[in-house]
Every structure is written in C-alpha cells, then in structure tokens.
Amino acid sequence: MGGRRNQGSEEVGRIKAPDRRKGEMFARVVDIYGNDRMRVFCEDGKTRIGRIRGKIKKRVWIRKGDLVVVNPWDWETQTQDKLGKCEISWRYRRSEISWLERHNKIPNILDLNNIPV
C-alpha cells in the first residue's frame with residue numbers, strides 16, 4: 010500500500026551541506042509570496058527573492074521560518090531598488106536542523122530572533 014510514511018521516527022542519516030564552491034549557502038524563509046516564490050534572508054546578510062527549484066517543487070512544502078539551502082543567481086545584474094534572486098534547492102527537517110545546531114554548522118546570523126524583517 011502507498012500510505013503515509015511513519016512520521017514519528019525521524020532518523021538523521023546523511024545531511025546535505027551547502028556546496029560553497031557552487032555558491033550555495035544557508036538561508037531562512039522570511040515571507041511567502043506564492044507562485045513558488047518567497048523572500049529569504051541569506052547567511053551573507055542579504056535578503057533575496059527565492060524560487061523553489063522544479064525538482065523539489067511538488068515534493069516538499071516550505072513554510073515561513075524554514076532553514077533552506079539557496080543558490081544566488083550570479084548572472085543577474087545587481088540594482089539598488091530591487092532584491093536579488095536565488096534558487097531554493099533544499100529544505101531541512103527538524104531533526105536535521107537540531108543536528109546542525111548541535112554541531113555549530115548554522116551561522117548565528119540565521120537565528121530566528123536575529124533576522125531583520
């Protein structure tokens with residue numbers, strides 16, 4: 010049967026880390042705009058418009074406050090009045106976030122209380 014998976018036992022296996030060579034970084038979702046777009050606060054201190062990658066669009070629900078991995082668009086010209094754009098490629102579950110916090114992998118700037126709105 011294709012029922013729901015067992016939600017109670019979340020085991021942490023291998024956890025994806027941002028690939029710094031590709032420019033990936035941690036970010037927190039600040040606002041949800043709809044149409045697969047949301048405002049994210051990245052670990053470099055910038056706020057960007059994030060677009061959910063097509064591969065994870067139907068599989069993963071991303072909510073406000075989630076920790077995600079983003080890949081900023083480097084081909085886009087930076088302007089003063091517009092936010093930069095990025096692609097959201099991964100969302101962490103609660104158990105993965107607690108593992109990352111225990112091992113000090115998440116930057117302090119991404120603490121939910123420190124994010125400017």
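Residue numbers (this note's numbering): 10 to 126. Just so you know, even glycine gets a beta-carbon here, dropped at the ideal spot from N, CA and C. All values reported here derive from a predicted model rather than from experimental measurement.
Residue j beta carbon less than 7 Å from that of residue i
i: Pro-27; j: Val-78; result: yes
i: Glu-52; j: Leu-119; result: yes
i: Phe-50; j: Arg-37; result: yes
i: Asp-45; j: Ile-61; result: yes
i: Ile-41; j: Met-47; result: yes
Residue range of the alpha helix (DSSP H) that includes residue i
i: Ile-106; result: 103 to 111
Boundaries of the beta strand (DSSP E) in which residue i is found, first to last residue
i: Thr-56; result: 56 to 61
i: Lys-94; result: 93 to 100
Three-state class that DSSP yields for residue i in the structure shown
i: Asn-117; result: helix
i: Lys-73; result: coil
i: Arg-29; result: helix
i: Arg-46; result: strand
i: Arg-23; result: coil
Anticipated Cβ contact below 8 Å, residue i with residue j, distance rounded
i: Pro-81; j: Gly-93; result: 6 Å
i: Ile-71; j: Ile-97; result: 7 Å
i: Asp-83; j: Gly-32; result: 7 Å
Legend entry - Touch test, the region 99 to 113 against the region 46 to 60, Cβ-Cβ under 8 Å, three pairs minimum: no
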